[in-house]
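Below is one structure, written out as structure tokens; the observations come after it.
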Amino acid sequence: MTDDDVPERPWATRIGKSVLVLAPHPVALTRLRDLLPLVESDHRVQHVYSVPDDGEDRPDAADLVRADGGILLPARQAGRMSHGLVLAGSTRGLDDVAGPALLVPHGGGLGQYRSGERVTGLDSAQLVRAGRVRADRIVLTHARELDLLAETCPQAVPHAVVAGDIAFDRLVASLPYRERYRRKLGVRPGQELVVVTSTWSARSGFGVDPELFRRVVDAAPGAQVVASLHPQIWSQHGTGQVLGWLSDAIEAGLTVLAPHTDWRGAFVAADCVMADYTSVGCFAAGLGTPVLRIPHGPQPLLPGTPAAVLAEHTPLWDATRPLLPQLAAARAAVDSDLGAHIAGLLTSRPGQAGKILRKTMYDLLELDEPARAVPVSPAPLPRRLTWPMIPVPRSRTHG
1 MTDDDVPERP WATRIGKSVL VLAPHPVALT RLRDLLPLVE SDHRVQHVYS VPDDGEDRPD
61 AADLVRADGG ILLPARQAGR MSHGLVLAGS TRGLDDVAGP ALLVPHGGGL GQYRSGERVT
121 GLDSAQLVRA GRVRADRIVL THARELDLLA ETCPQAVPHA VVAGDIAFDR LVASLPYRER
181 YRRKLGVRPG QELVVVTSTW SARSGFGVDP ELFRRVVDAA PGAQVVASLH PQIWSQHGTG
241 QVLGWLSDAI EAGLTVLAPH TDWRGAFVAA DCVMADYTSV GCFAAGLGTP VLRIPHGPQP
301 LLPGTPAAVL AEHTPLWDAT RPLLPQLAAA RAAVDSDLGA HIAGLLTSRP GQAGKILRKT
361 MYDLLELDEP ARAVPVSPAP LPRRLTWPMI PVPRSRTHG
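Residue numbers (UniProt numbering): 1 to 399.
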């Protein structure tokens, strides 16, 4: 809120600059939440949220904001106000609000995938509108993305900030708490924990093989198998439907992370991760966790990116063969320094993202940065679906 907004906020206890969090979907919201601790204790600012009104929104992001006690502004009201800073995890809604904008990637960097002839996330069609760069600062996770940006959208290069990856920094900061995450997930001492994760779309691992999670549970007797689904799967199909599809696997012993829960604690806890082309598989590998790839449909990857390197150097699961030897092969791949190599591809500013982003945010706010540093916080404890949210086993319902 600026001074001009005071007449519209007669009940406010404190008046300062607003930090608007544009939350078109839960994935963007999750990433932007990593940035809020950098400013939220400052009495000169207040963060508020808005879901862009572009006809494609589902209620998930708004529901999550309300559940956490956030102030959710209608899109029209957010568009009428002048904000001290706009935090955006995508370009959706960015042209409809006023204020200096910081655009951050909500996956493992902006230049990971190709869509036709375009480099998804870094092309001028997304970053430029009516001859103007849409964000005042564009956050890059790696210096190589700056070179790529110079090729795909040179107009945006002056707006770029190579900040590293705050999501990966929080993942690394979570490592000392591995046993706490494991206990929260109910892992017994000495038990193997396998996390199976799928992104969304018909070409994803779960999209290609609807029996994916049941197959893994059957192939890993004695292990605890945890499913981590991309938020878009829950948003598109609904919790009840997704759990219906997973009911056989749940009856067989599958543990399911709650929709939109922070995935990082489960990945720190894992002994092995099975992943399709989702970026969280790269994060797991960057931690040094063995990754066994799940078969999926065609997805063009940009050569040299973490996703492409992971696909090139890690084994692909063959469901017709025993799983345990394949997990051993995945461990051998990590032992060959693959994890350190992928970590170096995920961020060229390891451990520095919070510091760089905080300075950038205060520069855009035109406020002096507080002297007190903000440490990188570990990920919250994972949440798993428990009774009565999971379906009743069929053996009980059908007598």
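Each residue gets a CB set at the ideal place from its N, CA and C atoms; glycine is no exception.
**Q.** CA-to-CA distance, residue 340 to residue 173, given in whole angstroms
**A.** The residue you call residue 173 lines up with position 173 of the sequence shown. The residue you call residue 340 lines up with position 340 of the sequence shown. Computed Cα separation, rounded: 16 angstroms.
Q: Round the Cβ separation of residue 53 and residue 28 to the nearest angstrom and send it over; I've been treating them as touching at under 8 angstroms.
A: Locating residue 53 in the sequence shown gives position 53, where the first residue counts as 1. Locating residue 28 in the sequence shown gives position 28, where the first residue counts as 1. Contact between residue 53 and residue 28 fails: their C-beta atoms lie close to 15 angstroms from each other, not under 8 angstroms.
**Q.** Secondary structure of residue 277, DSSP reduced to three states
**A.** Walking along the sequence shown from the start, residue 277 turns up at place 277. In this structure, residue 277 counts as coil in the three-state DSSP scheme.
Q: Using a threshold of 7 angstroms, state whether the C-beta atoms of residue 106 and residue 203 are closer than that.
A: Locating residue 106 in the sequence shown gives position 106, counting from the first residue. Locating residue 203 in the sequence shown gives position 203, counting from the first residue. Result no, Cβ atoms of residue 106 and residue 203 do not sit closer than 7 angstroms.
Q) Which word fits residue 393, buried or exposed, when buried means at least 16 other C-beta atoms lie within 10 angstroms of its C-beta? A) Translated into positions along the sequence shown, residue 393 becomes position 393. Reliability fails at residue 393, whose pLDDT of 48 lies under 50, so the model's placement of it is uncertain and the value that follows must be treated cautiously. It counts as exposed.
(Q) For a quick check, are the C-beta atoms of residue 146 and residue 268 less than 7 angstroms apart? (A) The residue labelled residue 146 in the question sits at position 146 within the sequence shown. The residue labelled residue 268 in the question sits at position 268 within the sequence shown. No; because the gap between Cβ atoms is not below 7 angstroms, this pair is not in contact.
Q.
Let me confirm a value: residue 316 is counted as buried when at least 16 other C-beta atoms fall within 10 Å, else exposed. Which label applies?
A. Along the sequence shown, one-based indexing puts residue 316 at 316. By the neighbour-count criterion, in which a residue is buried when 16 or more other Cβ atoms sit within 10 angstroms of its Cβ, residue 316 is exposed.
Q. Looking at the unbroken alpha helix (DSSP H) that takes in residue 203, where does it start and where does it end?
A. In the sequence shown, residue 203 corresponds to position 203, counting from 1. Element bounds for residue 203: n/a, residue is neither H nor E.
Q: For residue 296, collect the residues of the same chain with a Cβ closer than 7 angstroms to its Cβ; drop the 5 residues on either side in sequence, then sort them by chain order.
A: The residue you call residue 296 lines up with position 296 of the sequence shown. Cβ neighbours of residue 296 within its own chain (closer than 7 angstroms, five residues either side excluded): 203, 204, 205, 208, 276 and 277.
Q: Check residue 134 in the structure and name its three-state DSSP category.
A: Counted from its first residue, the sequence shown places residue 134 at position 134. Reduced to three states, the DSSP call for residue 134 is coil.
Q: Have a look at the DSSP bridge pairing and note the partners of residue 291.
A: Within the sequence shown, residue 291 is the residue found at index 291, counting from 1. Bridge partners of residue 291: 273.
Q) Pick from 156, 139 and 33: whose alpha carbon is nearest that of residue 376? A) As a working mapping, residue 376 is identified with position 376 in the sequence shown. Per the Cα distances, 33.
Q. At a cut of 8 angstroms, does the stretch 15-28 reach the stretch 92-100 through at least three beta carbon pairs?
A. Between the stretch 15-28 and the stretch 92-100, the count of C-beta pairs closer than 8 angstroms reaches three or more; the two stretches touch.
Q) Around the Cβ of residue 294, are there at least 16 other Cβ atoms within 10 angstroms (buried) or fewer (exposed)? A) Along the sequence shown, one-based indexing puts residue 294 at 294. By the neighbour-count rule (16 or more Cβ atoms within 10 Å), residue 294 is buried.
Q) Rounded C-beta distance between residue 239 and residue 210? I'm assuming under 8 angstroms. A) Against the sequence shown, residue 239 aligns to sequence position 239. Against the sequence shown, residue 210 aligns to sequence position 210. Incorrect: roughly 17 angstroms between the Cβ atoms, too far for contact.
Q) Where does the unbroken alpha helix (DSSP H) through residue 340 begin, and where does it stop? A) Numbered from its first residue, the sequence shown carries residue 340 at position 340. According to the DSSP assignment, residue 340 belongs to the alpha helix (DSSP H) that extends over 339-346.
Q. When you compare only the Cα positions, how much space is there between residue 64 and residue 318?
A. Position 64 of the sequence shown, counted from the start, is the residue given in the question as residue 64. Position 318 of the sequence shown, counted from the start, is the residue given in the question as residue 318. If I take the Cα positions, the gap works out to 37 angstroms.
Q | Nearest-angstrom Cα separation, counted from residue 227 out to residue 261 | A | In the sequence shown, counting from the first residue as 1, residue 261 sits at position 261. In the sequence shown, counting from the first residue as 1, residue 227 sits at position 227. The straight-line gap from Cα to Cα measures roughly 12 angstroms.
Q. By the 10 Å Cβ neighbour count, where 16 or more other Cβ atoms means buried, how is residue 189 classified, buried or exposed?
A. Mapped onto the sequence shown, residue 189 falls at position 189. Around the C-beta of residue 189, fewer than 16 other C-beta atoms lie within 10 Å, and the residue is accordingly described as exposed.
Q) If you drop the 5 nearest sequence neighbours on each side, which residues of the same chain put their C-beta closer than 7 angstroms to that of residue 78? A) In the sequence shown, the residue the question calls residue 78 occupies position 78. Around residue 78: 20, 50 and 97.
**Q.** Proximity to residue 14 [Cα-Cα], best of 43, 39 and 86
**A.** Here residue 14 is taken as the residue at index 14 of the sequence shown, counted from 1. Considering only alpha carbons, the answer is 43.
**Q.** First and last residue of the uninterrupted beta strand (DSSP E) at residue 177
**A.** What you label residue 177 is simply residue 177 of the sequence shown in a count that begins at 1. Counting along the chain, residue 177 sits inside no beta strand (DSSP E), nor does DSSP assign it H or E at all.
Q) Should the stretch 340-353 be called in touch with the stretch 153-170, which here means at least 3 C-beta pairs below 8 angstroms? A) Yes, since at least three Cβ pairs between the stretch 340-353 and the stretch 153-170 fall closer than 8 angstroms, the two stretches touch.
**Q.** Under 7 angstroms between C-beta atoms of residue 292 and residue 326
**A.** Translated into the one-based positions of the sequence shown, residue 292 becomes position 292. Translated into the one-based positions of the sequence shown, residue 326 becomes position 326. The beta carbons of residue 292 and residue 326 sit closer together than 7 angstroms.
Q) For residue 182, which residues of its own chain have a beta-carbon under 8 angstroms away from its beta-carbon, when the five flanking residues on both sides are left out? A) The residue you call residue 182 lines up with position 182 of the sequence shown. These residues qualify, in order along the chain: 193 and 269.
Q | Whole-angstrom C-beta distance between residue 217 and residue 288, which should lie under 8 angstroms | A | Working through the sequence shown from its first residue, we reach residue 288 at position 288. Working through the sequence shown from its first residue, we reach residue 217 at position 217. 25 angstroms between Cβ atoms; not a contact.
Q | CA nearest to the CA of residue 323, picked from 252, 136, 247 and 272 | A | Indexing the sequence shown from 1 puts residue 323 at position 323. Checking every option, the nearest Cα to that of residue 323 belongs to 272.
Q | Alpha-carbon to alpha-carbon, residue 144 and residue 299 | A | Your numbering for residue 299 matches position 299 in the sequence shown. Your numbering for residue 144 matches position 144 in the sequence shown. Cα to Cα, residue 299 sits roughly 21 angstroms from residue 144.
Q.
Run through the DSSP bridge pairs and tell me what residue 321 is partnered with.
A. Start at 1 with the first residue of the sequence shown, and residue 321 comes out as number 321. For residue 321, which the question treats as bridged, DSSP gives no partner whatsoever.
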